[in-house]
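Residue numbers are given in this note's numbering: position 99 of the sequence shown equals residue 99, and the series is strictly consecutive. C-beta atoms are modelled at their ideal positions from N, C-alpha and C, and glycine is treated no differently. These notes concern the structure reproduced below.
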Amino acid sequence: MAKPNQACHLWGHVTSPQPTSAVRLLTRFRAVDEDAARQTTELLRGTAAAVASEHGHLTYDVSAVEGDPTTLYVLETWASAVDARRHADLVLDNGAVDRVLPLLRERLDTVTLVPIASHAAGHDQGGEAA
1 MAKPNQACHL
11 WGHVTSPQPT
21 SAVRLLTRFR
31 AVDEDAARQT
41 TELLRGTAAA
51 VASEHGHLTY
61 DVSAVEGDPT
71 TLYVLETWAS
81 AVDARRHADL
91 VLDNGAVDRV
101 LPLLRERLDT
111 VTLVPIASHA
121 AGHDQGGEAA
């Protein structure tokens, strides 16, 4: 089970070399059992509804892993690192993280995704995308 003092690690990766570029975050939620996964899903649905009105919000998608109902992912996109940080501070301050931690079997695992290539970029350069 995740410990409350590990919540701060959740958003340790919210960085961007250019503060005005979009930031994509991927967070894994591993629930202790299927009932906890259902409760986590409901909490994440509430966050998804609330986040739509936050400044800089672009996307907030909650998904389950096929064949593993206890593992969920949230993929969120923010207009900038500043917006992502503001959201991170909000969910820490409003208790959202504290509400989900007892339902999890490990600490939250959030990474910042950095685009390295796109399908269009590969074709624009005359090569094929991998």
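According to the Cβ coordinates, are V65 and T27 closer than 8 angstroms?
no
Specify whether the region 22-37 and the region 102-119 touch according to this definition: at least 3 beta carbon pairs, one from each stretch, less than 8 angstroms apart.
yes
Any idea what DSSP makes of P102, helix, strand or coil?
helix
By the three-class DSSP mapping on this structure, what secondary structure does D93 have?
helix
Relative to the alpha-carbon of T77, which residue among T40, P69, H55, Y60 has its alpha-carbon at the smallest distance?
Y60
The alpha helix (DSSP H) spanning L44 covers which residue range?
34-51
From what residue to what residue does the beta strand (DSSP E) around R107 run?
Here R107 belongs to no beta strand (DSSP E), and DSSP marks it neither H nor E.
Length of the line joining the Cα atoms of A79 and P69:
30 angstroms
Between A48 and L72, which are expected to be in contact by the criterion C-beta below 8 angstroms, what is the C-beta distance as a whole number of angstroms?
Contact doesn't hold; Cβ gap of about 12 angstroms is too wide.
For Q39 and H57, the rounded distance between their alpha carbons
24 angstroms
For A55, three-class secondary structure by DSSP:
Ala is not the amino acid found at residue 55; the sequence shown has His there. Here H55 sits in coil by DSSP.
Closest by CA to V82, which one among G46, L43, H55, E42?
H55
G95 versus D109 - alpha carbon distance:
18 angstroms
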